[in-house]
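Below you'll find the structure, written out as structure tokens, and then a few comments.
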Amino acid sequence: MEELILVIARALVDYPENVRVEVKEDDRGIVYALSVHPEDVGKVIGKQGRIAKALRTVVASAAVKSPKRVTVDIIS
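The opening residue of the sequence shown carries number 219 in the working numbering; numbering runs sequentially from there.
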């Protein structure tokens with residue numbers, strides 16, 4: 219799952235070397251914290267959050283068989 223997020227995010231940004239994914243497990247389930255270069259935050263979120271929503275949908279679809287809930291948080 220982490221690799222999927224990295225591949226998608228690196229294709230969207232101008233600074234792919236600054237893309238990081240941190241995996242945390244908490245009471246919500248598994249949280250993937252995606253961090254990018256500050257100039258690339260808008261590209262990952264997209265207009266009205268459309269790209270972020272699409273990224274979360276792809277990850278949720280890939281995690282259907284996972285017993286825990288999977289979420290993606292975008293941080294700069």
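We put the beta carbon where it would ideally sit given N, CA and C, even for glycine. Note that the coordinates shown come from a computational prediction; the quantities given were computed from them, not determined experimentally.
For residue i and residue j, which I take to be in contact (beta-carbon distance under 8 Å), what is that distance rounded to the nearest angstrom?
{"i": "V290", "j": "V277", "result": "5 Å"}
{"i": "I293", "j": "A270", "result": "Not confirmed; about 12 Å, so no contact."}
{"i": "D274", "j": "G247", "result": "In the sequence on display, residue 274 carries Arg and not Asp. In fact, because the Cβ distance is near 13 Å, the residues do not count as touching under 8 Å."}
Under the three-state reduction of DSSP, which class applies to residue i: helix, strand or coil?
{"i": "D232", "result": "coil"}
{"i": "V239", "result": "strand"}
{"i": "A278", "result": "helix"}
{"i": "G260", "result": "helix"}
{"i": "V225", "result": "helix"}
Hey, does residue i have any beta-carbon neighbour from chain B nearer than 8 Å?
{"i": "I223", "result": "Looking for chain B here will not work: only one protein chain is present."}
Can you tell me which of the options puts its alpha carbon nearest to the alpha carbon of residue i?
{"i": "H255", "options": "V288, V231, R274 and T275", "result": "V231"}
{"i": "Y296", "options": "I248, S253 and V288", "result": "Outside the shown range of the chain (219 to 294) lies residue 296, about which nothing can therefore be said."}
For residue i, does the count of other Cβ atoms within 10 angstroms reach 16, so buried, or fall short, so exposed?
{"i": "D258", "result": "buried"}
{"i": "V241", "result": "exposed"}
{"i": "A227", "result": "buried"}
Who are the near neighbours of residue i in its chain, counting only those whose CB is closer than 8 Å to its CB and skipping five residues on each side?
{"i": "L224", "result": "V237 and V239"}
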